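Take -6 as the starting number for the sequence shown in my numbering and just add one per residue.
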Amino acid sequence: MADFDDEMDVDDAPAPSSAVVFSSDATKGKRTAANLPVEAEDSLPWVEKYRPTTLDEVSGHRDILATIDKFVDSNRLPHLLLYGPPGTGKTSTILALARRIYGVANMRQMVLELNASDDRGIDVVREQIKTFASTKQIFAMGASARSSAAGFKLIILDEADAMTNTAQMALRRIMEKYTANTRFCIIANYSHKLSPALLSRCTRFRFSPLGESDIRVLVDKVVEEEKVKIGAEAVDALVRLSKGDMRRALNVLQACHASSGWCPCLSLNPFPPPPFSSPRLHVE
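Given below as structure tokens:
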């Protein structure tokens, strides 16, 4: 299907040789708010606490979001591949899409989310993914999710470029067999690490680094709500050094706020403040 490109091309890296196997142990996945207990909400990382819940709240990439909106409105949602650098809104977009289609109450039974912290070998594809994709929802859902699109289950594979080549080939066959009742949303940093057969079955969207204005909007919101004591020049430095990565910006902001002290990445002074000096004790 069509390949919707944004500003920055992340496919310039050379394609890997066929002998290379991308192991699922290479990286660790992100923890999402859906995987955390309710009582842990107060201690959530700010990346999760301020993750957008609707497509309208997602920062940047308005053209991509508008296209996905049209897919849902016309009940023609294809298999999706979102790829690009970290912290650009790929996972947030998919989770917001799932909430719009099913509603929060039906997310658990209609959405299967796997990330790179899970085993991405052939066994997971054959057991978890195949079992989930091959079953249909037989109980009625709430009124908020009674749309024709809600008849599809949704499988989200975050950091899918960590899957082995064998697992990718098995996934391709499952996508072909269960398209009638399942949609796959694949998220990756590098599309060249995915097999051509898998790429050809997805509508691809490339997420470029966010603009400084998009990052500043959320940073200002977090600073206000969390009562972070930070100067305007430090905010400018944070936005600039994030280089389009919203996750990096919020993680650095939270770390500096938690330390309540000098932060080298935000301070205009490259040297740390002198340590506290106590009066010397003279023993005679």
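Glycine included, C-beta positions come from ideal geometry on N, C-alpha and C.
Note that the coordinates shown come from a computational prediction; the quantities given were computed from them, not determined experimentally.
Work out the CA separation of residue j and residue i for me, nearest whole Å.
{"i": "Ser67", "j": "Glu226", "result": "46 Å"}
{"i": "Met239", "j": "Met103", "result": "28 Å"}
{"i": "Val212", "j": "Thr46", "result": "17 Å"}
{"i": "Thr86", "j": "Lys123", "result": "24 Å"}
{"i": "Pro202", "j": "Arg209", "result": "13 Å"}
{"i": "Lys42", "j": "Asn108", "result": "19 Å"}
{"i": "Gly114", "j": "Thr159", "result": "8 Å"}
{"i": "Glu217", "j": "Ala163", "result": "48 Å"}
Please list the terminal residues of the continuous alpha helix (DSSP H) segment that includes residue i.
{"i": "Lys186", "result": "Segment: none, Lys186 is in no alpha helix (DSSP H) and carries neither H nor E."}
{"i": "Ile122", "result": "Counting along the chain, Ile122 falls outside any alpha helix (DSSP H), and DSSP gives it neither H nor E."}
{"i": "Thr81", "result": "Neither: Thr81 is in no alpha helix (DSSP H) and is coded neither H nor E."}
Which of the three DSSP states, helix, strand or coil, is assigned to residue i?
{"i": "Cys178", "result": "strand"}
{"i": "Tyr171", "result": "coil"}
{"i": "Glu218", "result": "helix"}
{"i": "Ile223", "result": "coil"}
{"i": "Met100", "result": "helix"}
Counting along the chain, where does the beta strand (DSSP E) carrying residue i start and finish?
{"i": "Phe198", "result": "Thr196 to Arg199"}
{"i": "Lys236", "result": "Counting along the chain, Lys236 falls outside any beta strand (DSSP E), and DSSP gives it neither H nor E."}
{"i": "Val104", "result": "Val104 to Leu107"}
{"i": "Tyr43", "result": "No beta strand (DSSP E) holds Tyr43; DSSP gives it neither H nor E."}
{"i": "Ile149", "result": "Lys146 to Leu150"}
{"i": "Leu75", "result": "Leu73 to Tyr76"}
Out of the options, state which residue places its alpha-carbon closest to the alpha-carbon of residue i.
{"i": "Gln161", "options": "Glu218, Phe198 and Asp116", "result": "Asp116"}
{"i": "Phe177", "options": "Arg209, Thr60, Ala91 and Arg233", "result": "Ala91"}
{"i": "Gly204", "options": "Ser193, Glu217, Leu105 and Ala242", "result": "Ala242"}
{"i": "Ala190", "options": "Arg166, Arg209, Val210 and Ile208", "result": "Arg166"}
{"i": "Leu187", "options": "Phe145, Glu41, Ala155 and Asp207", "result": "Ala155"}
{"i": "Trp39", "options": "Gly237, Lys214 and Arg233", "result": "Lys214"}
Indicate whether at least one CB of chain B lies closer than 8 Å to the CB of residue i.
{"i": "Arg240", "result": "Chain labels in this structure do not include chain B; a single protein chain is all it has."}
**Message:** Could you check whether the region 39 to 56 touches the region 171 to 190, counting it as contact only if at least three pairs of C-beta atoms, one from each stretch, sit closer than 8 Å?
**Reply:** no
**Asked** At a cut of 8 Å, does the region 72 to 90 reach the region 180 to 189 through at least three beta carbon pairs?
**Response** Taking a cut-off of 8 Å on C-beta distances, the region 72 to 90 touches the region 180 to 189, as three or more cross pairs fall below it.
**Message:** Does the structure place the region 215 to 226 close enough to the region 193 to 202 that three or more beta carbon pairs sit under 8 Å?
**Reply:** Touching, no, given that fewer than three Cβ pairs across the two stretches are closer than 8 Å.
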